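*Asks:* Right, I'll just put the structure down here and ask away after.
Number of protein chains: 2
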Amino acid sequence: MKQNEKGRFAYDGLDRLMHEKARLGILTSLLTQRNGLTFVDLKNLCNLTDGNLSRHLKSLEEEGLVDIQKSFTNNRPQTLCLLTEGGRKRFIAYLQELERVVQDASIAEKRSKKNTKPIFNA
Amino acid sequence: MKQNEKGRFAYDGLDRLMHEKARLGILTSLLTQRNGLTFVDLKNLCNLTDGNLSRHLKSLEEEGLVDIQKSFTNNRPQTLCLLTEGGRKRFIAYLQELERVVQDASIAEKRSKKNTKPIFNA
Chain A
238 MKQNEKGRFA YDGLDRLMHE KARLGILTSL LTQRNGLTFV DLKNLCNLTD GNLSRHLKSL
298 EEEGLVDIQK SFTNNRPQTL CLLTEGGRKR FIAYLQELER VVQDASIAEK RSKKNTKPIF
358 NA
Chain B
238 MKQNEKGRFA YDGLDRLMHE KARLGILTSL LTQRNGLTFV DLKNLCNLTD GNLSRHLKSL
298 EEEGLVDIQK SFTNNRPQTL CLLTEGGRKR FIAYLQELER VVQDASIAEK RSKKNTKPIF
358 NA
């Protein structure tokens, strides 16, 4: 190993707050909807239980990544979840690091299989 | 939300065994080196402590993803770590799902910023 390669695969940018399967789903869902998603839609899109989604949203809200707005629609309570501007920036920074993992692995895989089709679609 | 979008962002393929920051580094490092990496090189590439690396390698070995070979080189003990063929396949399947997260997020980000340069490099 060359000296300048120390920490080459440490991926320090993979922020643990966002690097959790369910949270990745929640944040990606919210990134697709600038105007937010209801709690029910988010739950279904991510295949989460009420309890699980509540728990993750609470952590993300505490860190300022999401905004939770409670209101009434036709006399029924509704919870709207939105990505904050800070949350969007932080998630995009995380995604850049995630993309680096995919690219590093893709290059490695291509190198090891020269002149053959890479297995994954990068 | 459309009915057919249920679970659209569940990302079930993000296998928890590999979806851990340090393990992503270990597996990507090993993917770059078909002939394996020594424990010391792997530790430095991933910026891990001896204890942390040992613990993760043990879990990955137990699941058949990595192969650990102990030998002596110039009378000094050496540990060589390799990705198994099964491990390579499983990691590549995981990476395909990871790429799906990056692509979903990239599309969402581009849509929300039409006619402007996307922030991350997808």
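Protein sequences, first through last, are from chains A and B. According to our numbering, the first sequence holds residues 238 to 359 in order. According to our numbering, the second sequence holds residues 238 to 359 in order. Glycine included, every Cβ here is placed at the ideal spot set by N, Cα and C. Please read all numbers here as calculations on a predicted model, not as lab measurements.
Please list the terminal residues of the continuous alpha helix (DSSP H) segment that includes Asp328 (chain A).
*Replies:* For the sequence presented, residue 328 (chain A) should be read as Phe rather than Asp. Here the alpha helix (DSSP H) through Phe328 (chain A) covers 322 to 349.
*Asks:* Locate the alpha helix (DSSP H) running through Lys307 (chain A), then write down its first and last residues.
*Replies:* Where Lys307 (chain A) is concerned, there is no enclosing alpha helix (DSSP H), although the beta strand (DSSP E) it sits in stretches over 303 to 310.
*Asks:* From this set, A:Gly323, A:Gln315, A:Asp287, which residue's C-alpha is nearest Glu299 (chain A)'s C-alpha?
*Replies:* Per the Cα distances, A:Gly323.
*Asks:* Taking just the CA atoms, how far does Leu254 (chain B) sit from Gly244 (chain A)?
*Replies:* Roughly 22 Å separates the two Cα atoms.
*Asks:* Hey, is Thr286 (chain A)'s beta-carbon within less than 8 Å of any beta-carbon in chain B?
*Replies:* No, because no Cβ of chain B sits closer than 8 Å to the Cβ of Thr286 (chain A).
*Asks:* State the DSSP-derived secondary structure class of Gln270 (chain A), mapped to helix, strand or coil.
*Replies:* Coil.
*Asks:* Report buried or exposed for Thr265 (chain A), applying the criterion of at least 16 other Cβ atoms within 10 angstroms of its Cβ.
*Replies:* So Thr265 (chain A) counts as buried.
*Asks:* What are the partner residues of Gln240 (chain A), as DSSP defines its beta bridges?
*Replies:* BP columns for Gln240 (chain A) are empty, so no partner.
*Asks:* Applying the 10 Å Cβ sphere with the 16-neighbour rule, what's the burial state of Asp249 (chain A)?
*Replies:* The residue in question, Asp249 (chain A), is exposed, as its Cβ has fewer than 16 Cβ neighbours within 10 Å.
*Asks:* In whole angstroms, what separates the C-alpha of Asp278 (chain A) from that of Asp304 (chain A)?
*Replies:* The straight-line gap from Cα to Cα measures roughly 16 Å.
*Asks:* Look at Phe276 (chain A) and Thr321 (chain A) and say whether their C-beta atoms are less than 8 Å apart.
*Replies:* Cβ distance not < 8 Å, so Phe276 (chain A) and Thr321 (chain A) don't count as in contact.
*Asks:* Report the neighbours of Gly262 (chain A) on chain B: residues whose CB is nearer than 7 Å to its CB, in chain order.
*Replies:* Result: Phe246, Ala247, Tyr248.
*Asks:* Mapping DSSP to helix, strand and coil, what is Leu294 (chain A)?
*Replies:* Reduced to three states, the DSSP call for Leu294 (chain A) is helix.
*Asks:* Below 6 Å CB to CB, which residues in the same chain sit around Ser308 (chain B) once its five sequence neighbours on both sides are set aside?
*Replies:* Cβ neighbours of Ser308 (chain B) beyond the five flanking positions: Gln315.
*Asks:* Residues of chain A with a CB under 7 Å from the CB of Met238 (chain B): which are they?
*Replies:* Neighbours of Met238 (chain B) on chain A, chain order: Asp278, Asn281, Leu282.
*Asks:* Taking C-alpha atoms, which residue in A:Thr269, A:Leu251, A:Asn241, A:Lys326 lies nearest to Arg348 (chain B)?
*Replies:* Residue A:Thr269 is the option with its Cα nearest to Arg348 (chain B).
*Asks:* What's the C-alpha gap between Arg292 (chain A) and Ala342 (chain A)?
*Replies:* Cα-Cα distance, rounded: 32 Å.
*Asks:* Which residue comes first and which comes last in the alpha helix (DSSP H) that contains Asn284 (chain A)?
*Replies:* Segment: none, Asn284 (chain A) is in no alpha helix (DSSP H) and carries neither H nor E.
*Asks:* Glu300 (chain B) CB to nearest chain A CB: under 8 Å?
*Replies:* Judged by the 8 Å Cβ criterion, Glu300 (chain B) is not in contact with chain A.
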